[in-house]
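Undergrad: Sharing a structure below in structure tokens format, with a few things to ask.
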Amino acid sequence: MAKQVECPECGATVELDDDVISGEIVECPDCAVELEVTSVDPLEVELAPEEDEDWGE
Amino acid sequence: MPDPVVLLERMLAIPSLSGQEDALAAYLVQAMEGLGFRARVDEAGNAVGERGEGPIEVVLLGHMDTVPGHIPVRREGVRLYGRGAVDAKGPLANFILAAAAVGLPPGVKLVVVGAVEEEAATSAGARHVLDRYRPAAVIIGEPSGGDRITVGYKGRLLIDYHVSLGAAHSARDEETACERAINYWLWAKGFAEAYGAAETRRFDRVDCALRSMASGSDGLVEWATMGIALRLPLGFPADAFQEAARAAAGTAEVAFRGYEAAYRADKNNPLVRALLAAIRAQGGQPRFTVKTGTSDMNVVGPAWQCPIVAYGPGDSDLDHTPDEHIELDEYRRTITVLTEALRHLVADLAPR
Chain C
1 MAKQVECPEC GATVELDDDV ISGEIVECPD CAVELEVTSV DPLEVELAPE EDEDWGE
Chain D
58 MPDPVVLLER MLAIPSLSGQ EDALAAYLVQ AMEGLGFRAR VDEAGNAVGE RGEGPIEVVL
118 LGHMDTVPGH IPVRREGVRL YGRGAVDAKG PLANFILAAA AVGLPPGVKL VVVGAVEEEA
178 ATSAGARHVL DRYRPAAVII GEPSGGDRIT VGYKGRLLID YHVSLGAAHS ARDEETACER
238 AINYWLWAKG FAEAYGAAET RRFDRVDCAL RSMASGSDGL VEWATMGIAL RLPLGFPADA
298 FQEAARAAAG TAEVAFRGYE AAYRADKNNP LVRALLAAIR AQGGQPRFTV KTGTSDMNVV
358 GPAWQCPIVA YGPGDSDLDH TPDEHIELDE YRRTITVLTE ALRHLVADLA PR
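Protein chains in written order, with the numbering used here: chain C, 1 to 57; chain D, 58 to 409.
Structure (structure tokens):
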């Protein structure tokens with residue numbers, strides 16, 4: 001049975017595989033924000049590090 | 058372990074323009090041997106150092122060459138100046154020192170490559186190692202900044218345009234070679250502005266730059282040339298574009314070179330997790346970034362199809378500038394980050 005957690009951005013329920021690991025990055029199916037699994041027991045997620053753009057190299 | 062700053066200073070003091078990396082390669086081989094690597098200069102001129110033995114390969118692919126422009130090597134307070142300090146001798150020195158410091162479990166080989174000709178449109182050094190390794194993870198040595206992990210680069214296509222026409226009196230109502238060239242530039246620029254116009258990020262649009270132009274006449278023939286550089290987003294239809302660009306050129310000659318497709322790496326893998334954890338462990342706030350330029354990630358990423366990022370100290374705003382320097386605190390800290398990340402990574406990848 002999949003584990004469930006609430007998206008901190010939009011409140012949607014995000015289902016994660018049983019074998020999810022800490023540090024995994026998943027996408028919220030509702031708002032598409034990237035979430036980082038910060039703990040598996042208890043299951044917790046945070047917004048994943050932001051992505052910007054830069055020039056180079 | 059040598060003083061990290063001294064190692065970088067010595068690297069900066071050896072000029073290494075693209076195609077002229079021999080002296081730096083010889084120095085790096087000697088330095089890596091002193092740190093316990095099996096080191097050599099390979100057939101392409103790359104400086105290669107290996108540690109450990111086994112089927113699981115982790116490749117740290119930096120580059121030795123720099124763009125032109127001599128900058129006297131000097132320390133000013135917490136800064137070290139020199140051509141290549143940021144792009145990319147700082148990241149390469151980081152690779153050597155971190156790879157030397159990490160303990161390797163059985164079955165894991167760590168490979169540091171100081172490649173030639175990354176700054177040229179050939180990427181000859183990276184292409185040479187393509188068939189020689191099948192890595193489980195790759196880090197490209199480019200300046201992301203200590204807290205940032207680069208996960209994508211735009212693609213590139215260079216256009217060399219040349220038109221020659223029979224010389225005509227300027228009072229006649231005929232398009233000159235210069236006008237023909239300018240009109241072609243306007244076509245290319247218009248194409249670039251229209252493609253992906255709705256996208257908000259430069260990473261997802263086409264950038265177009267007029268890099269060079271010249272014209273002349275011998276009284277019988279007048280001519281004009283241009284060098285145009287396009288930076289390409291993911292999924293750009295390069296073949297169809299080249300067909301359209303040839304058609305738009307009419308009787309002018311166009312040659313295409315330096316093509317690299319854009320590349321976007323996955324974030325969900327042991328390599329990224331190891332770097333995120335290591336950045337945080339040093340008090341950093343990790344971020345991801347995508348770059349509007351290209352790097353050797355564009356060459357090896359599609360071929361190796363494994364976890365890949367670019368990471369290294371330095372502010373890429375200083376790439377190719379007369380003010381190129383590295384902040385020594387960040388340089389030292391990224392050695393620690395990278396060492397810690399490699400420690401996590403090799404433990405994760407080691408055969409069980």
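Ideal placement from N, C-alpha and C gives every residue a C-beta, glycine not left out.
If you're wondering where the values come from, they're calculated on a predicted model, not measured in any experiment.
What in chain C is Cβ-close to D/Lys324, meaning under 7 Å?
TA: Ile25
Undergrad: For the beta strand (DSSP E) holding D/Ala266, just list the boundary residues, first then last.
TA: Asp264 to Ser274
Undergrad: For D/Val356, which of helix, strand or coil comes out of DSSP?
TA: helix
Undergrad: I'd like to confirm the pairing. Which residues does DSSP put opposite C/Gln4 in its beta bridges?
TA: C/Glu15
Undergrad: Quick check on DSSP: helix, strand or coil for D/Lys324?
TA: Coil at D/Lys324, not helix or strand.
Undergrad: Classify D/Arg131 as buried or exposed, calling it buried when 16 or more other Cβ atoms lie within 10 Å of its own Cβ.
TA: exposed
Undergrad: How would you list, in chain order, the residues of chain C whose beta-carbon sits under 7 Å from the beta-carbon of D/Pro379?
TA: Going along chain C, no residue has its Cβ under 7 Å from D/Pro379, so there is no contact; the nearest lies around 16 Å.
Undergrad: For D/Asp79, I'd like the list of residues in its chain whose CB is within less than 7 Å of its CB, leaving aside the five on either flank, ordered along the chain.
TA: Gly102
Undergrad: Would D/Pro370 be called buried (16 or more neighbouring beta carbons within 10 Å of its own) or exposed?
TA: buried
Undergrad: On a Cα-Cα basis, can you pick out the residue from D/Thr257, D/Gly209 and D/Ala302 that is closest to D/Ile436?
TA: The question about residue 436 of chain D has no answer here: the residues shown for chain D are numbered 58 through 409.
Undergrad: Exposed or buried, which one is C/Glu46 when buried takes at least 16 other CB atoms within 10 Å?
TA: exposed
Undergrad: If we cut at 8 Å on Cβ distances, does D/Pro343 have a partner in chain E?
TA: The structure shown contains no chain E; its protein chains are C and D.
Undergrad: Tell me the DSSP secondary structure of C/Ile21 in three-state form.
TA: coil
Undergrad: Please identify the residue among D/Ser180, D/Arg288, D/Lys348 and D/Gly212 whose C-alpha is closest to the C-alpha of C/Gly56.
TA: Closest by alpha carbon: D/Lys348.
Undergrad: Closer than 7 Å between beta carbons: that is the criterion. Which residues of the segment 366 to 395 of chain D meet it against chain C?
TA: Against chain C - using a Cβ distance shorter than 7 Å - the residues of the segment 366 to 395 of chain D are Ser373 and Asp376.
Undergrad: Where do the ends of the beta strand (DSSP E) carrying D/Tyr210 lie?
TA: Arg205 to Tyr210
Undergrad: List the residues of chain D that C/Glu51 touches, going by C-beta distances under 8 Å, in chain order.
TA: Those within 8 Å of C/Glu51 in chain D are Val208, Arg344, Phe345, Thr346 and Val347.
Undergrad: Could you work out which residue in D/Arg288, D/Pro162 and D/Val220 is closest to D/Ala271 when comparing CA atoms only?
TA: D/Val220
Undergrad: Can you pull out the residues from the segment 327 to 341 of chain D whose beta carbon lies closer than 8 Å to at least one beta carbon of chain C?
TA: Val329, Arg330, Leu333 and Ala334
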